[in-house]
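Asks: Got a structure here, written out as structure tokens. Questions coming.
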Amino acid sequence: MQVISVSKANCKNCYRCVRHCPVKAVKISGGQAEIVEDLCVFCGRCVIECPQNAKKVKSELEIVKEFIKSKKRVIASIAPSYPAAFDVKSPYEMYAMLKNLGFYRAEETAVGAELVSREFRKLAENSDVYPIITTACPVVKNLVEKYYPVLIKNLAPQVSPMVAHARSLKKRFGKDVKVVFIGPCVAKKAEARDYSVSGDVDAVLTFQELKEWLSEGNKASQLESISIGEGLIEPFEARNYPLPGGLLKTSLIKGDFLSEEVLVADGIKECKELLDAVEKGKVNAKILEMMACSGGCLGGPMMPQESSLYERRAKLLYFIRENLRVDNKKVRDFLFEIDLGRTFERKVPNILEPTEEDIKKILYKIGKTSPEKELNCGACGYSSCREKAAAVFRGMAEVDMCIPYMRSRAESLANLIIDNTPNAVILVDKDLKVREINRAGEKMLGVEKEEVLGRPLSDFMDDRDVAWVLANKSSLSSKKENYPRDFTTVFESILYIEDSQLALIIMQDISEQERQRKELERVREETVKKAQEVINKQMRVAQEIAGLLGETTAESKVLLLRLIELVKSGGKEL
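The numbering used here numbers the first residue of the sequence shown as 17 and each following residue consecutively.
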């Protein structure tokens, strides 16, 4: 199952996902992004950062619906951050919403968090290895397994609250129940597939998936706290779990953010920095509570983004205050009956390392022929040109992802086209001053670029049409103009560029066409004149011939008439 997929149709070559991926698990191929799961820690940053909504989290909503449809007993395990995502005043209000969807039971994952926290306290007091890295956050676990394998021994060998709660539910309600975790975390979908805990959690829904389900027309029924509350356990301290330091508070471990023995890190950048320091032996603390999301689980990728982190925190704290419970002995009773242990795997990805010569060859392809030309702008998503070159070597990036290089190349090609076009191109600003002119323009106006730039257009040509275009924010096209200075005739188009408030003048020299047109008109006129002369001459000749023919015909007529008369008279007239 691909946890995060990419819609090729929506991916727009922006590289934003690469920039925000903390482990560079995004591969760019053919201009399209692809998530490489062997490298991914499933933090979900690419999903919420994608401006085109091209990244999609694998939905398990249909799986859960099928569980319910097939009459299986389905129990929801609700992450303790739910009060910040849904408008509910009590856990029973949330339970009622879930029962209305068909769930058999619903309970807070915080119950599992209390089991884990109490076990963690014992571990912290008796461990042979320090510092101990908490394993409630699956992203932190993934970071260690894939990128800090030497620290696997430091991971607390216990399951996360999600798994602990699932094991608790199956022990209490039977192994045939289906446990569905619902929370703000993308990495939980991957965690449920981990070999060490496989089968404990049957499906994982995000808060967004649940909201989608609720929006299908399901309305929460009246609160049914009695029927849905049977056999349920409520947490005591663990509702603080989504907050940085929540595990320590729930574990009742003495210490605070300023304690030398306890370090709390939230945010994946901070977690990586802390792990780097631990790997180098620069950290003396005994306990490291680490959460990959800034602000803890309240900053999870599947939390509602319309509210700020501080608003969510306020909602959660208010919910906790309004739903305080006394210490629940039932939780402690289950502590020794449920196996909370797990193992971890070394999952270090196979990452090829380029040689210095490999990097230089790739850098040369984009014009980075010296260190001074390595801008290290980060536009491609990598912090340096060398890091990006290494990614190209590994097949994770493409050479033309270098935006400054591609822009420079595009500009040089554009300049090449403009400079070699036979048409004059002149760019004029709103103050009617020349901003740019190409070689054909210099030749046509009989000027040089250096003496034209920044000067009024009127110093070189009539600017009335250009002034009209800029004033009316409209364009003029294909207007013929004559320049008597050098007998030049042009087709002139003036385009208005709205975004920049500029006028672009394009002048096509049609002097030769005009000369040919005039020559053709002259030849045509002479031809017509000659033809008319021939016609007139032919008419005169015809008339003269007609006159001669007319006289001859008249004489012949007289003679023939006389001959006819003679014949009729029998020659008497003779």
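The beta-carbon is built from N, C-alpha and C at its ideal position, and this holds for glycine as well.
May I ask you to list the residues that DSSP assigns as paired with residue 50?
Replies: Reading the sequence shown from its first residue, position 34 is the one you call residue 50. DSSP lists 43 as partners of residue 50.
Asks: Residues in the same chain with beta-carbon distance under 6 Å from residue 203, minus the five sequence neighbours each way, listed in chain order, please.
Replies: The residue given as residue 203 occupies position 187 in the sequence shown. Around residue 203: 58, 154, 155.
Asks: Do you know how far the Cα of residue 418 is from the Cα of residue 441?
Replies: Locating residue 441 in the sequence shown gives position 425, counting from the first residue. Locating residue 418 in the sequence shown gives position 402, counting from the first residue. Whole-angstrom Cα-Cα distance: 30 Å.
Asks: Taking 8 Å as the limit between beta carbons, can you name the residues of its chain near residue 325, skipping five residues before and five after?
Replies: Reading the sequence shown from its first residue, position 309 is the one you call residue 325. Cβ neighbours of residue 325 beyond the five flanking positions: 310, 311, 314, 315.
Asks: Look at the alpha carbon of residue 448 and the alpha carbon of residue 518, and state the distance between them as a whole number of angstroms.
Replies: On the sequence shown, position 432 is the one that residue 448 refers to. On the sequence shown, position 502 is the one that residue 518 refers to. Each residue's alpha carbon lies about 9 Å from the other.
Asks: Measure from the alpha carbon of residue 29 to the alpha carbon of each residue in 20, 68, 54, then state which is nearest.
Replies: To locate residue 29, count along the sequence shown from 1; it is residue 13. Looking at the Cα atoms, 68 is the closest of the given residues.
Asks: Using only CA atoms, which one of 493, 305, 506, 371 lies nearest to residue 477?
Replies: As a working note, residue 477 is residue 461 in the sequence shown. Nearest of 493, 305, 506, 371 to residue 477, Cα basis: 506.
Asks: In the DSSP output, which residue or residues are listed as bridge partners for residue 121?
Replies: Numbered from its first residue, the sequence shown carries residue 121 at position 105. 91.
Asks: Looking only at C-alpha atoms, which of 560, 257, 73, 90 sits nearest to residue 53?
Replies: If you number the sequence shown from 1, residue 53 lands on position 37. It is 73 whose Cα lies nearest to the Cα of residue 53.
Asks: Please determine, among 445, 522, 330, 504, the residue with the shortest C-alpha to C-alpha distance to residue 528.
Replies: Mapped onto the sequence shown, residue 528 falls at position 512. When each option's Cα is compared against that of residue 528, the closest is 504.
Asks: Looking at residue 401 and residue 384, is the spacing between their C-beta atoms short of 8 Å?
Replies: As a first step, residue 384 must be located in the sequence shown, where it is residue number 368. As a first step, residue 401 must be located in the sequence shown, where it is residue number 385. A contact, by the Cβ cut-off of 8 Å.
Asks: Could you check whether residue 39 and residue 33 sit closer than 8 Å to each other, using their CB atoms as the reference points?
Replies: Start at 1 with the first residue of the sequence shown, and residue 33 comes out as number 17. Start at 1 with the first residue of the sequence shown, and residue 39 comes out as number 23. No, the pair does not count as a contact, with Cβ atoms beyond the cut-off.
Asks: Closer than 7 Å to a non-hydrogen atom of the ligand PLP - does that hold for the CB of residue 112?
Replies: Inclusion of the ligand PLP in the displayed structure is not the case, the ligand content being empty and no account of it being possible.
Asks: What residues in its chain sit with their C-beta under 8 Å from that of residue 559, if we drop five residues either side in the sequence?
Replies: Within the sequence shown, residue 559 is the residue found at index 543, counting from 1. Taken in chain order, the list of residues that qualify is empty.
Asks: Hey, which unbroken runs of the alpha helix (DSSP H) at 4 residues or more fall wholly within the region 259-298?
Replies: As far as the region 259-298 is concerned, its whole alpha helix (DSSP H) runs of at least 4 residues are 262-267, 284-295.
Asks: How about residue 339 and residue 106: are their beta carbons less than 8 Å apart?
Replies: Counting from one through the sequence shown, the residue named residue 339 turns up at place 323. Counting from one through the sequence shown, the residue named residue 106 turns up at place 90. For residue 339 and residue 106, yes; Cβs fall inside 8 Å.
Asks: Can you confirm whether the region 208-216 touches the region 140-148 when touching is taken to mean that 3 or more C-beta pairs between the two stretches lie within less than 8 Å?
Replies: Cβ pair count under 8 Å is below three, so no.
Asks: Give the range of the beta strand (DSSP E) segment to which residue 451 is assigned.
Replies: The sequence position of residue 451 within the sequence shown is 435, counting from 1. Run containing residue 451: 450-453, per the beta strand (DSSP E) assignment.
Asks: According to the neighbour-count rule (16 or more other Cβ atoms, all chains shown, within 10 Å of its Cβ), is residue 240 buried or exposed?
Replies: Along the sequence shown, read from residue 1 onward, the residue named residue 240 stands at position 224. Confidence in residue 240 is poor, its pLDDT being 46 and thus under 50, which makes the residue's placement unreliable; the coordinate value appears in the next sentence. Per the 10 Å Cβ criterion, exposed.
Asks: Output the distance between the C-alpha atoms of residue 79 and residue 218, rounded to the nearest integer angstrom.
Replies: By one-based count along the sequence shown, residue 79 stands at place 63. By one-based count along the sequence shown, residue 218 stands at place 202. The straight-line gap from Cα to Cα measures roughly 9 Å.
Asks: Would you kindly check if the distance between the Cβ of residue 168 and the Cβ of residue 160 is under 8 Å?
Replies: Counted from its first residue, the sequence shown places residue 160 at position 144. Counted from its first residue, the sequence shown places residue 168 at position 152. In contact: residue 160 and residue 168 (Cβ atoms closer than 8 Å).
Asks: Any idea if residue 380 is buried or exposed, counting beta-carbon neighbours within 10 angstroms, 16 or more meaning buried?
Replies: Here residue 380 refers to the residue found at position 364 of the sequence shown. It counts as exposed.
Asks: Can you list, in chain order, the stretches of the alpha helix (DSSP H) that have 4 or more residues and sit fully within the region 513-569?
Replies: Correct list: empty.
Asks: Please name the residue or residues paired with residue 510 in a DSSP beta bridge.
Replies: The count along the sequence shown starts at 1 and reaches residue 510 at position 494. Note: residue 510 sits in a beta bridge opposite 492, 521.
Asks: Given a threshold of 16 other Cβ atoms within 10 Å of its Cβ, counted over all protein chains shown, does residue 555 qualify as buried or as exposed?
Replies: Position 539 of the sequence shown, counted from the start, is the residue given in the question as residue 555. It is exposed - the Cβ of residue 555 has fewer than 16 other Cβ atoms within 10 Å.
Asks: If you follow the beta strand (DSSP E) that residue 591 is in, where does it begin and where does it stop?
Replies: Because the chain spans 17 through 590 in this model, residue 591 falls outside it and cannot be assessed.
Asks: Fully enclosed by the region 187-214, which beta strand (DSSP E) runs are 3 residues long or longer?
Replies: Qualifying beta strand (DSSP E) stretches, in chain order: 194-199.
Asks: Can you tell me which of the three DSSP states residue 353 falls into?
Replies: In the sequence shown, residue 353 corresponds to position 337, counting from 1. In this structure, residue 353 counts as coil in the three-state DSSP scheme.
Asks: In the structure shown, what three-state DSSP assignment does residue 465 receive?
Replies: Walking along the sequence shown from the start, residue 465 turns up at place 449. Reduced to three states, the DSSP call for residue 465 is helix.
Asks: Please look up how many angstroms separate the CB atoms of residue 129 and residue 266, rounded, as I've assumed it's under 8 Å.
Replies: In the sequence shown, counting from the first residue as 1, residue 129 sits at position 113. In the sequence shown, counting from the first residue as 1, residue 266 sits at position 250. Confirmed, about 6 Å.
Asks: At the level of alpha carbons, what is the spacing between residue 301 and residue 146?
Replies: Locating residue 301 in the sequence shown gives position 285, where the first residue counts as 1. Locating residue 146 in the sequence shown gives position 130, where the first residue counts as 1. So the two alpha carbons sit approximately 8 Å from each other.
Asks: Rounded to the nearest angstrom, what separates residue 411 and residue 48 at their Cα positions?
Replies: Sequence index remark: in the sequence shown, residue 411 carries index 395 (1-based). Sequence index remark: in the sequence shown, residue 48 carries index 32 (1-based). Roughly 13 Å separates the two Cα atoms.
Asks: If residue 486 and residue 450 are in contact, beta carbons under 8 Å, what's the gap, nearest whole angstrom?
Replies: Within the sequence shown, numbered from 1, the residue matching residue 486 stands at position 470. Within the sequence shown, numbered from 1, the residue matching residue 450 stands at position 434. Wrong, their Cβ atoms sit about 13 Å apart, outside the cutoff.
Asks: When DSSP labels each residue in this structure, what does residue 327 get in the three-state scheme?
Replies: As a first step, residue 327 is located in the sequence shown; it is residue number 311 there, counting from the start. Correct three-state label for residue 327: helix.
Asks: Pick from 318, 231, 283, 277: whose alpha carbon is nearest that of residue 201?
Replies: Here the question's residue 201 lines up with position 185 in the sequence shown. It is 318 whose Cα lies nearest to the Cα of residue 201.
Asks: For residue 498, does the three-state DSSP call read helix, strand or coil?
Replies: For the purposes of this step, residue 498 is taken as the residue at position 482 of the sequence shown. Residue state, collapsed to three classes: strand.
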